[in-house]
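**Q** Before I ask anything, here is the structure I am working with.
Residue numbers (our numbering): 1215 to 1339.
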């Protein structure tokens, strides 16, 4: 069964947002990953805060088994959804790639839902 792995939120003030998630919600600040400030929600879930306008901001990532990943990838290809091996490569029809997630590096694929929300699927297997 798929589970939410991480989400990237574009925010107006990264420091204020990080402080809010740490001090108000009690989540742990983990540092940075490129342009993102990483906030640990659970051992298997992170929020990555990005300044407004950061490429790849605002997306949802779902972790799943390798078999589920391949089944979703097959359905994406079967219906002609454009995909890519990185958040900035949707439409390249390349992939999957390898990207960092809440539990480390994993195989990842990116595509848009019908409302143009960026979706990432990933597996750590």
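The beta carbon of each residue, even a glycine, is placed where N, CA and C say it ideally should be.
1. Taking Cβ positions, are residue 1217 and residue 1303 nearer each other than 9 Å?
2. Residue 1334: buried (16+ other C-beta within 10 angstroms of its C-beta) or exposed?
3. State whether the stretch 1254-1265 contacts the stretch 1235-1243, with contact taken as three or more CB pairs (one from each stretch) at a distance under 8 Å.
4. In its own chain, which residues sit with a C-beta less than 6 Å from the C-beta of residue 1235, not counting the 5 before and 5 after it?
5. Considering only the alpha carbon of each residue, which of 1269, 1321, 1264 and 1225 lies closest to residue 1299?
6. To the nearest angstrom, how far is the alpha carbon of residue 1221 from that of residue 1282?
7. Could you tell me whether the Cβ atoms of residue 1230 and residue 1264 are closer together than 9 Å?
8. Going by beta carbon distance, what residues of the same chain come within less than 7 Å of residue 1288, once the five residues before and after it are set aside?
9. Rounded C-beta distance between residue 1250 and residue 1269? I'm assuming under 8 Å.
10. For the alpha helix (DSSP H) that residue 1224 lies in, which residues bound it at each end?
11. Which value, in whole angstroms, describes the spacing of the CA atoms of residue 1331 and residue 1275?
12. Would you tell me roughly how many angstroms separate the C-alpha atoms of residue 1244 and residue 1311, rounded to the nearest one?
**A** Short version:
1. no
2. buried
3. yes
4. 1241 and 1253
5. 1321
6. 20 Å
7. no
8. none
9. Incorrect: roughly 11 Å between the Cβ atoms, too far for contact.
10. Per DSSP, residue 1224 belongs to no alpha helix (DSSP H); it is in the beta strand (DSSP E), 1217-1225.
11. 11 Å
12. 24 Å
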